[in-house]
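Asker: The UniProt record's numbering puts the sequence shown at residues 1 to 372. Backbone N, C-alpha and C define an ideal beta-carbon position, used for all residues, glycine too.
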Amino acid sequence: MNHFYAGCHTSTISWVKMNNQEKVQMLLIYGKCDRNSRQAARMYAEQYPGRYHPPHTFFIKIEQLLINHGAFSVKVVRNQQIRENNINEDVELQVLAYIRLNPRSSVRHVGREVGISFGLVHKILKKHKMHPYKPDLVQHLRPADPERRLNFIAWLLVQIDTQPLFLNQILWTDESKFTNNGVINKQNNRMWSDVNPHWAVDNRYQTVWGTNVWCGLIGGKLLGPYFYEENLTARRYLSFLTNVLPLMLENLPLATRQTLYFQQDGAPAHNAHIVRDYLNRVYEGKWLGTYGPIEWPARSPDITPLDFFLWGHLKTVVYADPPVNLADLKNKILVACNNLTESQIMTATNRGCLQRFQLCVNNQGANFEQFI
Numbered sequence: 001m002n003h004f005y006a007g008c009h010t011s012t013i014s015w016v017k018m019n020n021q022e023k024v025q026m027l028l029i030y031g032k033c034d035r036n037s038r039q040a041a042r043m044y045a046e047q048y049p050g051r052y053h054p055p056h057t058f059f060i061k062i063e064q065l066l067i068n069h070g071a072f073s074v075k076v077v078r079n080q081q082i083r084e085n086n087i088n089e090d091v092e093l094q095v096l097a098y099i100r101l102n103p104r105s106s107v108r109h110v111g112r113e114v115g116i117s118f119g120l121v122h123k124i125l126k127k128h129k130m131h132p133y134k135p136d137l138v139q140h141l142r143p144a145d146p147e148r149r150l151n152f153i154a155w156l157l158v159q160i161d162t163q164p165l166f167l168n169q170i171l172w173t174d175e176s177k178f179t180n181n182g183v184i185n186k187q188n189n190r191m192w193s194d195v196n197p198h199w200a201v202d203n204r205y206q207t208v209w210g211t212n213v214w215c216g217l218i219g220g221k222l223l224g225p226y227f228y229e230e231n232l233t234a235r236r237y238l239s240f241l242t243n244v245l246p247l248m249l250e251n252l253p254l255a256t257r258q259t260l261y262f263q264q265d266g267a268p269a270h271n272a273h274i275v276r277d278y279l280n281r282v283y284e285g286k287w288l289g290t291y292g293p294i295e296w297p298a299r300s301p302d303i304t305p306l307d308f309f310l311w312g313h314l315k316t317v318v319y320a321d322p323p324v325n326l327a328d329l330k331n332k333i334l335v336a337c338n339n340l341t342e343s344q345i346m347t348a349t350n351r352g353c354l355q356r357f358q359l360c361v362n363n364q365g366a367n368f369e370q371f372i
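#1: For the candidate residues His69, Leu165, Gln25, Lys32, whose alpha-carbon lies nearest to that of Arg51?
#2: Looking at C-beta atoms only, is the number of pairs between the region 294 to 305 and the region 273 to 284 that lie closer than 8 Å three or more?
#3: For the alpha helix (DSSP H) that Asp174 lies in, which residues bound it at each end?
#4: In or out: Gln264 buried (at least 16 other Cβ within 10 Å) or exposed?
#5: Relative to the alpha-carbon of Asn212, which residue among Leu222, Thr233, Arg257, Asp145 has its alpha-carbon at the smallest distance?
#6: Ignore the nearest five residues each way along the sequence and tell me which others in Cys33's own chain have a CB closer than 7 Å to its CB.
#7: Any heavy atom of the ligand PLP closer than 7 Å to the beta-carbon of Gln25?
#8: Among the residues of its own chain, which have a CB less than 7 Å from the CB of Phe59, if the five just before and after it don't count?
#9: Is the beta carbon of Leu93 closer than 8 Å to that of residue 415?
#10: Please report how far the alpha carbon of Asp321 lies from the alpha carbon of Asn180, in whole angstroms.
#11: Let me know if Tyr133 comes out buried or exposed under the rule of 16 or more other beta-carbons within 10 Å of its beta-carbon.
#12: Closest by CA to Glu230, which one among Thr242, Leu247, Lys177?
#13: May I ask you to list the residues that DSSP assigns as paired with Ile294?
#14: Once you ignore the five residues that flank Leu157 on each side, which residues in its own chain have a CB closer than 8 Å to its CB?
#15: Which term fits Trp192, buried or exposed, when burial requires 16 or more other beta carbons within 10 angstroms of its beta carbon?
#16: Going by alpha carbons, who is nearest to Tyr261 out of His69, Gly365, Pro268, Leu288?
#17: Locate the beta strand (DSSP E) running through residue 419, then write down its first and last residues.
#18: Flag this pair as touching only if the region 111 to 122 and the region 321 to 338 have three or more C-beta atom pairs under 8 Å; answer yes or no.
#19: Tell me the residue span of the alpha helix (DSSP H) that contains Tyr44.
#20: I need the boundaries of the alpha helix (DSSP H) containing Tyr98, first residue and last residue.
#21: Measuring alpha carbon to alpha carbon, tell me which residue in Phe72, Gln64, Gln47 is nearest Met18.
#22: If you draw a straight line from the C-alpha of Asn338 to the C-alpha of Leu217, how long is it?
#23: For Trp155, does the three-state DSSP call read helix, strand or coil?
#24: Give the range of the beta strand (DSSP E) segment to which Cys360 is assigned.
#25: Just the C-alpha distance for Phe240 and Ala336, rounded to the nearest angstrom, thanks.
#26: Per DSSP, which residues does Ile218 bridge with? Please list them.
#27: If you drop the 5 nearest sequence neighbours on each side, which residues of the same chain put their C-beta closer than 7 Å to that of Ile153?
#28: Verify whether the separation of the beta carbon atoms of Glu147 and Gly365 is less than 8 Å.
#29: From Lys286 to Thr173, what distance separates their C-alpha atoms?
#30: Is Ala348 buried or exposed, if buried means 16 or more other CB atoms sit within 10 Å of its CB?
#31: Alpha helix (DSSP H) containing Val324: first to last residue?
#32: Between Ala144 and the rest of its own chain, which residues show a CB-CB distance below 6 Å, the 5 nearest in sequence each way excluded?
#33: Assuming Leu254 and Lys221 are in contact, meaning their beta carbons sit under 8 Å apart, how far apart are those beta carbons, in whole angstroms?
#34: Check Tyr52 in the structure and name its three-state DSSP category.
#35: Looking only at C-alpha atoms, which of Met130, Lys123, Glu46 sits nearest to Pro103?
#36: Which word fits Phe309, buried or exposed, when buried means at least 16 other C-beta atoms lie within 10 angstroms of its C-beta?
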């Protein structure tokens, strides 16, 4: 008889008689063949001509047994299934109690501690509508920060109360760095195929190149992007404020320029005396900053529309198709900026800000993005 094409009954008997070492060797060959079961069956027959040669479906079967049950033996799996089908309320309570005390434990760890399979642990947790939640990464706050955040928001809400469109008068500004080692979101990259294409996207280059970008948002308008290659020093920043920003502001209506409030965060270059002196002369009590007439709370990217909206949006678009050189990177940033609609920007600078101000107040000035 040609064992490779053995009938079902003979195959089942031979499967039971195959030892674990033979099944491991089958599995290794299956992996070597990139999980092509027919190719694996042929290679196994060539390497071990004196053994029983199982049908190609057995290679898939041993993989599934290990993935689903952690065992080669059908009998072991069936016995385990019988035990799991007869699971009682005490075991469920043990699992739920363990999770309550150790909410960050993995299902495999819980299974080992309670003495059941991780699959059953998962089934119990699903039955009780429990879900694994991922943490949100938030800005570290110092003890005095919440009060400063609340004070700023209180001032802002008073302005909005007397001038409902006050948020449209704030020019929010920030800088960000874009490099060829930018963040590539694997969740947004897919390639459909009937076989694994072993697709790779270049990342983590040894030679890093990039550019710094300044942008501003006011109402539904975006100012910039403005590119600069060097580190931002106080003198370079002052030169930008003096020579570049005024030209950008000319694109805004006169009424907007006359009522404009300038906002910046607490970057070292922003806090230099020469910069503050300039802002005091030009904006006369109408600028927001760490040492400004209107104190901007440090470590507050969560209430800044460029941080919570613009940079993330731009980097998602720019790195969807990774740039090949600096010129390509800048062009992708320009295109992404130009494609932003007034409605998208207005949503961030108005409704987005108001929602975040309220959440910050509700959470006593502490981090709140985990509740969005």
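Answerer: If we stick to the structure as given:
#1: Locating residue 51 in the sequence shown gives position 51, where the first residue counts as 1. Shortest Cα-Cα distance from Arg51 to any of His69, Leu165, Gln25, Lys32 involves Gln25.
#2: Taking a contact to require three or more Cβ pairs closer than 8 Å, the region 294 to 305 and the region 273 to 284 do not qualify as touching.
#3: Walking along the sequence shown from the start, residue 174 turns up at place 174. For Asp174, there is no enclosing alpha helix (DSSP H); the residue is part of the beta strand (DSSP E) that begins and ends at 170 to 179.
#4: Within the sequence shown, the letter at position 264 stands for residue 264. Counting Cβ neighbours within 10 Å, Gln264 comes out buried, since at least 16 surround it.
#5: On the sequence shown, position 212 is the one that residue 212 refers to. That would be Thr233, whose Cα lies nearest to the Cα of Asn212.
#6: The residue you call residue 33 lines up with position 33 of the sequence shown. Gln39, Ala40, Met43.
#7: Here there are no bound small molecules, and the ligand PLP is not part of this structure.
#8: Taking the first residue of the sequence shown as 1, we reach residue 59 at position 59. Counting only Cβ-Cβ distances below 7 Å, and skipping sequence neighbours, we find Met26, Tyr30, Ser37, Ala40, Ala41.
#9: The question about residue 415 has no answer, for the chain in this structure spans 1 to 372.
#10: One-based indexing of the sequence shown puts residue 321 at position 321. One-based indexing of the sequence shown puts residue 180 at position 180. Going from the Cα of Asp321 to the Cα of Asn180 covers about 11 Å.
#11: Within the sequence shown, the letter at position 133 stands for residue 133. By the neighbour-count rule (16 or more Cβ atoms within 10 Å), Tyr133 is not buried but exposed.
#12: The residue given as residue 230 occupies position 230 in the sequence shown. Considering only Thr242, Leu247, Lys177, the residue with the shortest C-alpha distance to Glu230 is Lys177.
#13: Within the sequence shown, residue 294 is the residue found at index 294, counting from 1. Partner(s): Leu288.
#14: Sequence index remark: in the sequence shown, residue 157 carries index 157 (1-based). Excluding residues within five positions, the ones whose Cβ falls inside 8 Å are Phe357.
#15: Counting from 1 along the sequence shown, the entry for residue 192 is found at position 192. Here Trp192 scores only 42 on pLDDT, less than 50, and its place in the model is too uncertain to base an answer on.
#16: Counted from its first residue, the sequence shown places residue 261 at position 261. Nearest C-alpha to Tyr261 among His69, Gly365, Pro268, Leu288: Leu288.
#17: Outside the shown range of the chain (1 to 372) lies residue 419, about which nothing can therefore be said.
#18: No: the two stretches stay apart, fewer than three of their Cβ pairs being nearer than 8 Å.
#19: Within the sequence shown, the letter at position 44 stands for residue 44. That run of the alpha helix (DSSP H) goes 37 to 47.
#20: Position 98 of the sequence shown holds residue 98. Start and end: 89 to 101.
#21: For this step, residue 18 is matched to residue 18 along the sequence shown. Residue nearest to Met18 within the set Phe72, Gln64, Gln47 is Phe72 (criterion: CA-CA distance).
#22: The residue you call residue 338 lines up with position 338 of the sequence shown. The residue you call residue 217 lines up with position 217 of the sequence shown. Cα-Cα distance, rounded: 13 Å.
#23: Locating residue 155 in the sequence shown gives position 155, where the first residue counts as 1. Three-state DSSP puts Trp155 in a helix.
#24: Mapped onto the sequence shown, residue 360 falls at position 360. For Cys360, there is no enclosing beta strand (DSSP E); the residue is part of the alpha helix (DSSP H) that begins and ends at 353 to 362.
#25: Residue mapping note: residue 240 aligns to position 240 of the sequence shown, counting from 1. Residue mapping note: residue 336 aligns to position 336 of the sequence shown, counting from 1. Between Phe240 and Ala336, the C-alpha separation is close to 23 Å.
#26: Locating residue 218 in the sequence shown gives position 218, counting from the first residue. Ile218 pairs with Lys221.
#27: Taking the sequence shown and counting its residues from 1, one reaches residue 153 at position 153. Closer than 7 Å at Cβ, skipping near neighbours: Phe357, Cys360, Val361.
#28: The residue given as residue 147 occupies position 147 in the sequence shown. The residue given as residue 365 occupies position 365 in the sequence shown. Yes, they are a contact pair.
#29: Reading the sequence shown from its first residue, position 286 is the one you call residue 286. Reading the sequence shown from its first residue, position 173 is the one you call residue 173. Near 14 Å, if we compare the C-alpha coordinates of Thr173 and Lys286.
#30: Along the sequence shown, one-based indexing puts residue 348 at 348. By the neighbour-count definition (other C-beta atoms within 10 Å, threshold 16), Ala348 is a buried residue.
#31: Here residue 324 refers to the residue found at position 324 when the sequence shown is read from its first residue. No alpha helix (DSSP H) holds Val324; DSSP gives it neither H nor E.
#32: Indexing the sequence shown from 1 puts residue 144 at position 144. Within the same chain, and ignoring the five residues on either side of Ala144 in sequence, no residue has its Cβ closer than 6 Å to its Cβ.
#33: Counting from 1 along the sequence shown, the entry for residue 254 is found at position 254. Counting from 1 along the sequence shown, the entry for residue 221 is found at position 221. Contact flag wrong, Cβ pair sits at about 14 Å.
#34: Stepping through the sequence shown from its first residue, residue 52 is reached at position 52. DSSP places Tyr52 in coil when its eight states are reduced to three.
#35: What you label residue 103 is simply residue 103 of the sequence shown in a count that begins at 1. Cα-wise, what sits closest to Pro103 is Met130.
#36: Position 309 of the sequence shown, counted from the start, is the residue given in the question as residue 309. Burial of Phe309 is indicated by the presence of at least 16 other C-beta atoms within 10 angstroms of its C-beta.
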